[in-house]
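Notes follow the structure.
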Ligand code: FNR
């Protein structure tokens, strides 16, 4: 009695199906947020506070959704963000996301804590397909260096250092489900002897270095030629610090609401960051990405109007993969593409560079 794939008309539909068909533990791990899940809900709700100011009588016969991210040309302004433990949802794991990303020419960010090995995910990519690495920094910097340099050798085009998880957030839904089958699903690239006896939540994060600080970033810049992006920046002060430190990008993100509850949504933070950067004429010194709660092309368009280079999408692709495998991921991406084209047409933007702050009304955001 599972709906056929063609009955999924938007990204939320995949979530509804996944909830019914996924194993309870897997659903709990994917769907949970920290504490009361206020931030997780706000991530999407914040987009409801932004309204459009469309322009009319623009020639929108041909819509071009292509753009570049860290120098790579992509067909749409979103990427598949890093989400751990792909095999909880589908026995094939992250390589399904690799194939979906290939088909739609978008980038996949490979998680440190993937279920498939890093090399399996690289091998699944076809020639020229762009992948990035998400890095949890290991206390043992030799291990970290090995992971980074291996990723560069395998052709990864960006190093996303996660900076919002010095400790794993409390995801109570997930704790209740006991996480029993996770240990066998993690084949992490941490390269460390991870202690799995204390339950998976601890096990998969025990190697992460909580002493990581700004002082460490120059070292990362010295060991790789890959652009470095800080994933999980949450205020303008830290964006400025990131620019001064010489990194190439930031992801304004709260980890999908899985870390600090009452962290602001990425889109809210973006509205704080961009005016300050424009005032300093610094907006071109760094690429700014946003993730969390992006479910509609209108969400993507809003982020781009505000000044984001692109957005990351996590759970929707996990749900599509868990419910329907590759055809599900393919359809989810196609739905986004169709939504992108239609909504760009309706807003009066024929290409990505036409999107600008005058096309949105952000007065509803709490900051303004
Ligand atoms: C994540 N996220 C994440 N981030 C990261 O840097 N390393 C990781 O291992 C994970 N793992 C992970 C697992 C699952 C199940 C989820 C849902 C998320 C966070 C992820 O990269 C991203 O920030 C959010 O998923 C974006 O929010 P949405 O699109 O899921 O709402």
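Numbering (UniProt numbering), first residue to last: 111 to 478.
Using N, Cα and C, we set each Cβ at its ideal position, and we do this for glycine too.
Contact test: residue i Cβ vs the ligand FNR heavy atom, cutoff 7 Å
i           : result
residue 434 : no
residue 231 : no
residue 221 : yes
residue 155 : no
residue 403 : yes
residue 428 : yes
residue 399 : no
residue 283 : no
residue 173 : no
residue 286 : no
residue 423 : yes
residue 208 : no
residue 244 : yes
residue 368 : yes
residue 194 : yes
residue 191 : yes
residue 316 : no
residue 158 : no
residue 119 : no
residue 363 : yes
residue 134 : no
residue 341 : yes
Own chain, CB closer than 6 Å to residue i, minus 5 neighbours either side, in chain order
i           : result
residue 395 : 353
residue 429 : 124, 125 and 128
residue 142 : 281, 283 and 284
residue 218 : 190, 207, 208, 211 and 241
Proximity of residue i and residue j at Cβ, strictly below 8 Å
i           : j           : result
residue 345 : residue 379 : yes
residue 231 : residue 220 : yes
residue 400 : residue 362 : yes
residue 203 : residue 432 : no
residue 258 : residue 333 : yes
residue 366 : residue 188 : no
residue 419 : residue 398 : yes
residue 178 : residue 170 : no
residue 376 : residue 402 : yes
residue 349 : residue 343 : yes
residue 190 : residue 458 : no
residue 462 : residue 175 : yes
residue 276 : residue 322 : yes
residue 425 : residue 139 : no
residue 282 : residue 336 : no
residue 266 : residue 182 : no
residue 156 : residue 465 : no
residue 494 : residue 324 : As displayed, the chain neither begins before 111 nor continues past 478, which places residue 494 out of reach and without an answer.
residue 327 : residue 355 : yes
Contact set for residue i: own chain, Cβ-Cβ below 8 Å, skip 5 residues either direction
i           : result
residue 297 : Note that residue 297 has pLDDT 47, beneath the 50 cutoff, so the model's placement of it is unreliable and the number below is only indicative. These residues qualify, in order along the chain: 224, 225, 226 and 227.
residue 280 : 144 and 145
residue 131 : 112, 432 and 433
residue 511 : No information on residue 511 is available, as it lies outside the stretch 111 to 478 that the chain covers here.
residue 384 : 393, 398, 416, 417 and 467
residue 214 : 185, 186, 440, 443, 444 and 447
residue 216 : 184, 185, 186, 188, 189, 190 and 443
residue 251 : 329
Spatial neighbours of residue i in its chain, beta-carbon cut-off 7 Å, leaving aside the 5 residues before and after
i           : result
residue 439 : 206, 207, 210, 427, 430 and 431
residue 437 : 115
residue 172 : 460
residue 478 : Below a pLDDT of 50, predicted positions are generally treated as unreliable, and residue 478, at 48, falls in that range; the measurement from the model is reported next regardless. Same-chain partners within the cutoff: 381 and 472.
residue 122 : 405
residue 117 : none
Closer than 8 Å to chain B by CB, residue i
i           : result
residue 269 : Here there is only one protein chain, and chain B is not present.
Touch test, the segment 157-171 against the segment 191-199, Cβ-Cβ under 8 Å, three pairs minimum: With the cut-off at 8 Å, the segment 157-171 and the segment 191-199 do not touch.
Using 8 Å as the threshold, is the segment 381-389 in touch with the segment 365-372, meaning 3 or more CB pairs across them? The segment 381-389 vs the segment 365-372: no contact.
Spell out a yes or no on whether the segment 243-251 and the segment 200-211 are touching, meaning 3 or more CB-CB pairs, one atom from each, closer than 8 Å. Short answer: they don't touch.
Inspect the CB distances between the segment 453-471 and the segment 395-412 and report whether three or more fall short of 8 Å. Three or more beta-carbon pairs separated by less than 8 Å link the segment 453-471 to the segment 395-412, which places the two stretches in contact.
Can you give, in chain order, each stretch of the beta strand (DSSP E) that sits fully within the segment 173-261 and has at least 3 residues? Counting only runs of 3 or more, we get 177-179, 182-184, 188-190, 218-220 and 241-245.
Ranges of the beta strand (DSSP E) found wholly within the segment 365-417, counting only runs of at least 3: Every beta strand (DSSP E) stretch that sits fully inside the segment 365-417 and reaches 3 residues is listed by chain position as 397-401.
Give a yes or no on contact between the segment 130-149 and the segment 269-276, applying the rule of three or more CB pairs nearer than 8 Å. Contact fails: fewer than three Cβ-Cβ distances are below 8 Å.
Can you check the segment 122-180 for any beta strand (DSSP E) of at least 3 residues that lies completely inside it and give the ranges in chain order? Runs of the beta strand (DSSP E) inside the segment 122-180: 177-179.
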